[in-house]
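Notes for the one structure printed next.
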Amino acid sequence: MRSIFSHKNIVTVLTTIVFFADLYLLCVFPSDLVLNLFCGKVGKAELDELEYNYGQLAGYPAGEGVPILENIEQLRECKTMEYITFETDSIIPLKAYKLRSASDKTDNTYRRRGNPVSSGRQWPTYSATRPLTKAYIYNRYYLVRLPDGNYVAAYLDDAFYWQYRLTGKVKLPLGLVEDMHIQARPLLQSAIDTYGAEGEKMLLMFSQERYEQHKKLYKFVQLAVFAGILALYGAAVFMIDRMMRKMGR
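Just so you know, we're using the working numbering here: the sequence shown kicks off at 379 and counts up by one.
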């Protein structure tokens, strides 16, 4: 009777685990983690040259000369459309999500010629959960700690949370201070009470315009990461298999 722990069975089980883990990563991987490496930082000089400013640069990597947010009082006094940034050493993920764009609200299927057809499925703009297969159309809300120790809620691309988990601290992107949306407040209130966070203002640190312009690129990066991990795994299995065959001779 053949052992269930044969080389072939172990490889099959391991391959199944790696495939589904990679599939999960495909759904949640933040493309900006890669794209920000090739995105130039936006500093005060670039901001001063803007002909029109409607908050479209929130979420871009912050460059030189951008005002540094130091404390909660400064946050409360920020003017409309005044960009800020700061470095944080604490980011707390919340069970609160918002669609990246209103264009993602309705599921669309496509005819052969590329014309969209609505399937009728509507995704909530604000939610306490996000469906795994549609995780990539949502951004999470976080509590981020200011240099003075106070917390404030931020609508932030997940890439910066991943950076924080890797390094322990991260410089946040360009952000705007805005009033907390009435639909977001019920999702954030428990965390605000628990951490004594700012309860009226929050930070917008995501550019919907940038996301819309590069939506296909976002998907391409996710698929590339998915394919790359499978390729590396396949190469590793191939090399280990060759080594074991040589040892068995």
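We put the beta carbon where it would ideally sit given N, CA and C, even for glycine.
Going by alpha carbons, who is nearest to residue i out of the options?
i: Leu524; options: Glu587, Gly441 and Phe464; result: Phe464
i: Tyr461; options: Val615, Pro551, Arg508 and Arg620; result: Pro551
i: Gly606; options: Tyr430, Thr390 and Phe397; result: Phe397
i: Val603; options: Cys405, Thr394 and Val391; result: Cys405
i: Asn528; options: Met580, Met558 and Tyr519; result: Met580
i: Gly443; options: Lys457, Tyr432, Ala423 and Thr390; result: Ala423
i: Lys350; options: Val530, Asp485 and Tyr519; result: This structure does not reach residue 350, given that the chain is present from 379 up to 627, and the question cannot be answered.
i: Ile570; options: Thr390, Phe407, Ala531 and Thr466; result: Ala531
i: Lys549; options: Ile395, Pro439 and Gln434; result: Pro439
i: Arg478; options: Glu455, Pro502, Lys457 and Cys456; result: Pro502
i: Gly433; options: Asn449, Thr572 and Lys457; result: Lys457
I'd like to know whether the C-beta atoms of residue i and residue j end up nearer to each other than 8 Å.
i: Tyr504; j: Leu565; result: yes
i: Pro471; j: Tyr402; result: no
i: Ser409; j: Tyr533; result: no
i: Gly437; j: Asp536; result: no
i: Met459; j: Leu392; result: no
i: Ile469; j: Tyr542; result: yes
i: Ala506; j: Ala474; result: yes
i: Lys547; j: Asp467; result: yes
Taking only the alpha-carbon atoms, compute the straight-line gap between residue i and residue j and give it to the nearest angstrom.
i: Gly574; j: Arg563; result: 14 Å
i: Glu578; j: Leu521; result: 13 Å
i: Gln586; j: Gln500; result: 19 Å
i: His592; j: Val599; result: 11 Å
i: Val420; j: Lys483; result: 30 Å
i: Leu428; j: Ser568; result: 38 Å
i: Met379; j: Asn414; result: For Met379, the pLDDT reaches just 45, beneath the cut-off of 50, and the residue's location in the model is therefore unreliable, although a value from the coordinates is still provided. Their backbone Cα atoms lie some 55 Å apart in a straight line.
i: Asn361; j: Arg620; result: Residue 361 is absent from the model: the chain starts at 379 and stops at 627.
i: Arg489; j: Tyr514; result: Confidence at Arg489 is low in this model, with a pLDDT of 49, below 50, so the placement of that residue is unreliable and no value is reported for it.
i: Leu447; j: Leu453; result: 7 Å
i: Asp526; j: Glu451; result: 10 Å
i: Leu510; j: Leu582; result: 24 Å
i: Ile618; j: Ala609; result: 14 Å
i: Thr390; j: Gly441; result: 48 Å
i: Ile560; j: Phe416; result: 35 Å
i: Glu455; j: Asp426; result: 20 Å
i: Met558; j: Lys476; result: 13 Å
i: Tyr519; j: Gly612; result: 36 Å
i: Ala399; j: Phe584; result: 27 Å
i: Phe407; j: Asn449; result: 32 Å
i: Thr572; j: Phe616; result: 51 Å
i: Ala614; j: Asn431; result: 50 Å
i: Ile395; j: Pro445; result: 46 Å
Based on the DSSP secondary-structure assignment, which residues constitute the bridge partners of residue i?
i: Ser585; result: Bridge partners of Ser585: none, in fact.
i: Lys597; result: For Lys597, which the question treats as bridged, DSSP gives no partner whatsoever.
i: Tyr432; result: DSSP lists no partner for Tyr432.
i: Ile469; result: Val522
i: Ile446; result: Thr463
i: Thr484; result: Gln500
i: Ala440; result: Val420
i: Met621; result: None, per the DSSP bridge assignment.
i: Leu477; result: Tyr516
i: Lys579; result: Asp557
Give a yes or no on whether the minimum CB-CB distance between residue i and chain D is below 8 Å.
i: Met621; result: Here there is only one protein chain, and chain D is not present.
| message | For a minimum of 3 consecutive residues, which ranges assigned as the beta strand (DSSP E) are wholly contained in the region 507-573? | response | 516-523, 529-534 and 554-557
| What are the complete alpha helix (DSSP H) segments, minimum 4 residues, inside the region 389-423? | 410-413
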